[in-house]
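Final position of the sequence shown in the working numbering is 223; the numbers increase by one with none missing. Where a beta carbon is used, it is the ideal one built from N, C-alpha and C, also for glycine. One structure below.
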Amino acid sequence: MFISYVIVTAVTIAVNAGIAVADLAKAGFVLANSAEVGLPQSWLPWLAALKGAGAAGLLLGLLGVPVLGVAAATGLVLFYVGAVTAHVRARVYRNMAFPGAYLALAAASLVLAAAR
Numbered sequence: 108m109f110i111s112y113v114i115v116t117a118v119t120i121a122v123n124a125g126i127a128v129a130d131l132a133k134a135g136f137v138l139a140n141s142a143e144v145g146l147p148q149s150w151l152p153w154l155a156a157l158k159g160a161g162a163a164g165l166l167l168g169l170l171g172v173p174v175l176g177v178a179a180a181t182g183l184v185l186f187y188v189g190a191v192t193a194h195v196r197a198r199v200y201r202n203m204a205f206p207g208a209y210l211a212l213a214a215a216s217l218v219l220a221a222a223r
């Protein structure tokens, strides 16, 4: 079970760190997606900070501070529930697979971290 925890959490860290960088860089796909769901561009740095903090907390959880790993995974789950909700409210379904996948990774990381 520990190997599963490490692999899933490492993937979750990489995905969240990557999308946080894309948010900060205001990548084209990020701007397009945020415009579709009605998210102001001024929120992107704040959302990037939350994703980056989640990735950092998961990393600290892997490195021996399990309570931070659980807290970070919980925060990411809540964050991505909000992202999926924003897509549903805006009726933007064509690219909902991305926040849905990020939510699944965060939830799996949470379950595995809590079981540790």
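Asked                                                                                                                   : Found
Beta-carbon gap between Leu51 and Ser111 smaller than 9 Å                                                               : The structure shown has nothing for residue 51, since the chain only spans 108 to 223.
Supposed close pair Gly159, Ala179 - CB separation, criterion 8 Å                                                       : The Cβ separation is near 11 Å, so there is no contact.
Pick from Ala132, Ala117, Arg223 that is closest to Ser149, judged by C-alpha positions                                 : Ala132
Neighbourhood of Gly145 by C-beta distance below 6 Å, restricted to the same chain and skipping five residues each side : Ala197
Close beta carbons around Tyr200, own chain, < 8 Å, minus the five adjacent residues each side                          : His194
Residue interval of the alpha helix (DSSP H) (run including Ala142)                                                     : 135–144
Candidates Ala129, Glu143, Gly135: closest to Ala156 by CA position                                                     : Ala129
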